[in-house]
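Numbering (the numbering used here), first residue to last: -5 to 251.
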Ligand SMILES: NC(=O)c1ccc[n+]([C@@H]2O[C@H](COP(=O)([O-])OP(=O)(O)OC[C@H]3O[C@@H](n4cnc5c(N)ncnc54)[C@H](OP(=O)(O)O)[C@@H]3O)[C@@H](O)[C@H]2O)c1
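Given below as structure tokens:
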């Protein structure tokens, strides 16, 4: 079905890079963008996951591609960004989804190594690829960048790790700062802050913990990958051009500001 508002909603023919794009919320974004007619370039560390995804999307006639890249590794980001720009010459959409959490140390337990690891995984992974792809967006005077944060970056909770909460708040700071720098070039930068969403990573928690989490969410359930991809899709549409430096909370009502 074509959109009745293509100038606002269509991303058909656009080039979309999704870091952490092979499964979970990023995989949901890659599927959604592909089904919207975009060329999708998914980045992830594990080739098997990426190859399975592009096989699935190409079977639906999607124009889907995968590059193995640890987005926290500067050399890998450098070479992958070059490959993308050499081949496509432009990037319209960049979704910085790669990141994650480890279990909850207390202030006595958290180490400098934990903090640095989380910084690289959740912040540098976003900054480095953005830095390398922004010049191509500037050249087109157009771009949509989405940064993955979390409800853990919006409010304090004891069952969110110290390093993760810290970095997710940092992602919001990075988003706002880049948003004002890049808005004059037709490039929007916004963040998304999901509550607990049922993905492979969240699925590693016990069924009891997930059920208890769901009971604490006003809608009474966890989020889905499709719901997150839908919200992210909006931020990536041409019609979101006046949405700048926003943090979109998609959390079933667990935190409302
Ligand atoms: N699920 C939730 O409840 C929730 C809530 C709030 C925020 N988030 C955030 O949303 C993002 C995705 O979470 P998820 O639950 O969907 O995770 P997931 O199920 O573990 O999927 C993560 C995806 O990112 C890739 N990835 C991880 N680290 C990467 C790296 N350094 N470089 C490139 N790719 C990387 C993974 O593939 P490889 O492992 O093969 O690299 C996979 O494709 C994370 O940033 C997370 O913090 C999740």
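Just so it is clear, CB atoms sit at the ideal spot from N, CA and C, and this is done for glycine as well.
Quick caveat, the model's predicted, so the values are computed rather than measured.
For residue i: DSSP bridge partner residues
| i | result |
| --- | --- |
| residue 11 | 35, 88 |
| residue 62 | 38 |
| residue 243 | 187 |
| residue 57 | 33 |
| residue 181 | 137 |
| residue 142 | 186 |
| residue 315 | Because the chain spans -5 through 251 in this model, residue 315 falls outside it and cannot be assessed. |
Residue i versus residue j: straight-line alpha-carbon distance, rounded
| i | j | result |
| --- | --- | --- |
| residue 212 | residue 134 | 42 Å |
| residue 208 | residue 194 | 16 Å |
| residue 210 | residue 91 | 25 Å |
| residue 39 | residue 65 | 8 Å |
| residue 246 | residue 122 | 31 Å |
| residue 169 | residue 239 | 6 Å |
| residue 82 | residue 216 | 37 Å |
| residue 249 | residue 144 | 11 Å |
| residue 4 | residue 226 | 14 Å |
| residue 106 | residue 53 | 45 Å |
| residue 197 | residue 204 | 8 Å |
| residue 192 | residue 45 | 22 Å |
| residue 116 | residue -4 | 36 Å |
| residue 180 | residue 14 | 25 Å |
| residue 118 | residue 162 | 12 Å |
| residue 146 | residue 189 | 8 Å |
| residue 94 | residue 0 | 34 Å |
| residue 28 | residue 202 | 35 Å |
| residue 136 | residue 164 | 25 Å |
| residue 49 | residue 96 | 30 Å |
Environment of residue i [buried if 16+ CB atoms lie within 10 Å]
| i | result |
| --- | --- |
| residue 120 | buried |
| residue 86 | buried |
| residue 101 | exposed |
| residue -2 | exposed |
| residue 220 | exposed |
| residue 71 | buried |
| residue 150 | exposed |
| residue 167 | exposed |
| residue 128 | buried |
| residue 174 | exposed |
| residue 153 | exposed |
| residue 16 | buried |
| residue 126 | buried |
| residue 284 | The structure shown does not extend to residue 284, since the chain is modelled only from -5 through 251, so no value can be given for it. |
| residue 200 | exposed |
| residue 214 | exposed |
| residue 103 | exposed |
| residue 253 | For the chain, the structure presents residues -5 to 251; residue 253 sits outside this window and is missing. |
| residue 30 | buried |
| residue 251 | exposed |
Assumed close pair residue i, residue j - CB separation to whole angstroms, cut-off 8 Å
| i | j | result |
| --- | --- | --- |
| residue 9 | residue 23 | The Cβ separation is near 14 Å, so there is no contact. |
| residue 124 | residue 79 | No, residue 124 and residue 79 are not in contact; Cβ-Cβ is about 13 Å, not under 8 Å. |
| residue 2 | residue 178 | About 21 Å; that fails the 8 Å criterion. |
| residue 6 | residue 223 | Their Cβ separation, rounded to whole angstroms, is 16 Å, which puts residue 6 and residue 223 out of contact at 8 Å. |
| residue 243 | residue 171 | With a Cβ gap of about 20 Å, residue 243 and residue 171 do not count as contacting. |
| residue 84 | residue 130 | 5 Å |
| residue 237 | residue 229 | 6 Å |
| residue 47 | residue 21 | 6 Å |
Residue i: CB within 7 Å of a non-hydrogen atom of ligand 2
| i | result |
| --- | --- |
| residue 76 | This structure lacks ligand 2; its bound ligands are ligand 1. |
C-beta neighbour in chain D for residue i, strict 8 Å
| i | result |
| --- | --- |
| residue 47 | Annotation note: the requested chain D is absent from the structure, which comprises a single protein chain. |
Between the region 60 to 70 and the region 33 to 44, do at least 3 Cβ pairs fall closer than 8 Å? yes
Cβ contact check for the region 139 to 153 and the region 180 to 192: 3 or more pairs under 8 Å: yes
Determine, using beta-carbon pairs with one atom in the region 155 to 172 and one in the region 108 to 118, whether at least three such pairs fall under 8 Å. yes
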